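Taking it in order: structure first as structure tokens, then the write-up.
Residue numbers (full-length UniProt numbering): 1 to 276.
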């Protein structure tokens, strides 16, 4: 009897999953039809872009088609700025070029911090393609930003310069650059994770580690990234937050066991021994 109940339970669970997927696809199909019928409608476009993002699907064709219906001067309208801000990340996109050329106009209409944050993130994303593989292109684009007089050139440059400070083990400079980057890239969990890893490697000052630990909390919100959980438990332990360290060490261990990855399981075992 129990076996039958379990089988039925699994079937129902799978059915719910299939129905949820079908509902998602149905929503997406309907939005695509509405968009194709009127690609100039910003409300439908935003809904479609949001759904594509939720499903992890590319949006470039939708963005390109929508902006074919818009005049450049209309990029400054609220709804177009929200699309540029949230969904356009290609440094060569006409909308980003227009934004870069007309920063002051956007800053008059919208938040100065939001405009800089958008441009900073686009430039960093572009430069990351070249940082390890093509230093000529990397330096060429950095030089372009500097010569253009971009006000946040130093922010973009420091995003990469902090890696050099880590390699040179300059812990004090590393800490101050980390604080600066946390301010300008508050949602960049990949960067925060890398900075946390570097802090564990070269920093010993507990008061400064506590600042890093506070930001590192953003990297473990999903509880799905083993390395982030591992580092968060380590830095919490270094800061004297023993209960937090133990809790996240257990979460990291559970994740390692679920993965059946031998290396992860060994690291998790050593982590538990360290924090207990």
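Note that beta-carbon positions come from the ideal geometry of N, C-alpha and C, so glycine has one too.
None of the values given here were measured: they were computed from a predicted structure.
- Task: Would you kindly check if the distance between the Cβ of residue 193 and the Cβ of residue 213 is under 9 angstroms?
- Result: Here residue 213 refers to the residue found at position 213 of the chain shown. Here residue 193 refers to the residue found at position 193 of the chain shown. No; because the gap between Cβ atoms is not below 9 angstroms, this pair is not in contact.
- Apart from the five residues on each side of it in sequence, which residues of its chain come closer than 6 angstroms, Cβ to Cβ, to residue 42? Within the chain shown, numbered from 1, the residue matching residue 42 stands at position 42. Within the same chain, residue 42 has close Cβ partners 79.
- Message: Need the endpoints of the alpha helix (DSSP H) that residue 52 sits in, please.
- Response: Locating residue 52 in the chain shown gives position 52, counting from the first residue. Unbroken alpha helix (DSSP H) run through residue 52: 42 to 54.
- Which whole runs of the alpha helix (DSSP H) in the region 91 to 156 are 4 residues long or more, in chain order? 94 to 101, 103 to 109, 112 to 131, 135 to 147
- Message: Could you tell me the alpha carbon to alpha carbon distance between residue 137 and residue 101, rounded to whole angstroms?
- Response: For the purposes of this step, residue 137 is identified with residue 137 of the chain shown, where counting begins at 1. For the purposes of this step, residue 101 is identified with residue 101 of the chain shown, where counting begins at 1. Their Cα atoms are separated by approximately 21 angstroms.
- Within this structure, are the beta carbons of residue 235 and residue 196 separated by less than 9 angstroms? For the purposes of this step, residue 235 is identified with residue 235 of the chain shown, where counting begins at 1. For the purposes of this step, residue 196 is identified with residue 196 of the chain shown, where counting begins at 1. In this structure, residue 196 lies closer than 9 angstroms to residue 235 by Cβ.
- Query: Which residue's Cα is closest to the Cα of residue 63: 74, 54, 84, 77?
  - Reply: Locating residue 63 in the chain shown gives position 63, where the first residue counts as 1. Comparing Cα-Cα distances from residue 63 to each of 74, 54, 84, 77, the minimum goes to 84.
- Task: Could you name the residues of the same chain whose beta carbon sits closer than 7 angstroms to that of residue 88, not counting the 5 residues immediately before and after it, in chain order?
- Result: Indexing the chain shown from 1 puts residue 88 at position 88. Only 63, 95, 96 meet the Cβ criterion.
- Can you grab the Cα-Cα spacing for the pair residue 112 / residue 153, in whole Å? As a working note, residue 112 is residue 112 in the chain shown. As a working note, residue 153 is residue 153 in the chain shown. Approximately 15 angstroms, taken between the alpha carbons.
- Message: Here's the rule: buried if 16 or more other CB atoms are within 10 angstroms of the residue's CB, otherwise exposed. What is residue 143?
- Response: What you label residue 143 is simply residue 143 of the chain shown in a count that begins at 1. The residue is exposed, with fewer than 16 neighbouring Cβ atoms inside 10 Å.
- Query: Helix, strand or coil: which one does DSSP assign to residue 203?
  - Reply: Numbered from its first residue, the chain shown carries residue 203 at position 203. In this structure, residue 203 counts as coil in the three-state DSSP scheme.
- Message: Taking 8 angstroms as the cut-off, is the C-beta of residue 220 nearer than that to any heavy atom in the ligand ATP?
- Response: With respect to small molecules bound, the structure shown includes none, and the ligand ATP cannot be examined in it.
- Task: Indicate the three-state DSSP secondary structure (helix, strand or coil) for residue 260 in the structure shown.
- Result: Within the chain shown, residue 260 is the residue found at index 260, counting from 1. Coil.
- Query: Does DSSP put residue 222 in a helix, a strand or coil?
  - Reply: For the purposes of this step, residue 222 is identified with residue 222 of the chain shown, where counting begins at 1. In this structure, residue 222 counts as coil in the three-state DSSP scheme.
- Task: Following the continuous alpha helix (DSSP H) through residue 80, name the residue where it begins and the one where it ends.
- Result: By one-based count along the chain shown, residue 80 stands at place 80. Unbroken alpha helix (DSSP H) run through residue 80: 78 to 87.
- Task: Would you mind sorting residue 56 into buried or exposed? The rule is 16 or more other CB atoms within 10 Å of its CB.
- Result: Residue mapping note: residue 56 aligns to position 56 of the chain shown, counting from 1. Exposed, since its Cβ has fewer than 16 Cβ neighbours within 10 Å.
- Taking DSSP as the reference, what is the three-state secondary structure of residue 30? Here residue 30 is taken as the residue at index 30 of the chain shown, counted from 1. The answer is helix: DSSP assigns residue 30 an H, G or I state.
- Cβ-based burial, residue 129 [other Cβ within 10 Å; buried from 16]: Position 129 of the chain shown holds residue 129. Classification for residue 129: exposed.
- Task: Starting from the C-beta of residue 46, find all residues in its chain whose C-beta is less than 6 angstroms away, skip the five residues before and the five after it, and write them out in chain order.
- Result: Reading the chain shown from its first residue, position 46 is the one you call residue 46. Here the set comprises nothing.
- Query: Is the beta carbon of residue 65 less than 9 angstroms from the beta carbon of residue 35?
  - Reply: Numbered from its first residue, the chain shown carries residue 65 at position 65. Numbered from its first residue, the chain shown carries residue 35 at position 35. Yes, they are a contact pair.
- Candidates 228, 77, 71, of which the one nearest residue 199 by Cα: The residue you call residue 199 lines up with position 199 of the chain shown. If we check each option's Cα against that of residue 199, 228 comes out closest.
- Query: How would you write the range of the alpha helix (DSSP H) that residue 178 sits in, first residue to last?
  - Reply: To locate residue 178, count along the chain shown from 1; it is residue 178. It spans 171 to 184 - the alpha helix (DSSP H) in which residue 178 sits, taken as one unbroken run.
- Per DSSP, what kind of secondary structure is residue 198 in: helix, strand or coil? Here residue 198 refers to the residue found at position 198 when the chain shown is read from its first residue. Here residue 198 sits in helix by DSSP.
- Message: Output needed for residue 52: all residues of its chain with C-beta closer than 8 angstroms, excluding positions within five of it in sequence on either side, in chain order.
- Response: Here residue 52 refers to the residue found at position 52 when the chain shown is read from its first residue. For residue 52, where only same-chain residues beyond five positions count, the Cβ hits under 8 angstroms are 28, 58, 59, 62.
- Examine the Cβ distances between the region 203 to 220 and the region 176 to 195 and report whether three or more of them are shorter than 8 angstroms. yes
- Would you mind sorting residue 22 into buried or exposed? The rule is 16 or more other CB atoms within 10 Å of its CB. Translated into the one-based positions of the chain shown, residue 22 becomes position 22. Note that residue 22 has pLDDT 49, beneath the 50 cutoff, so the model's placement of it is unreliable and the number below is only indicative. Classification for residue 22: exposed.
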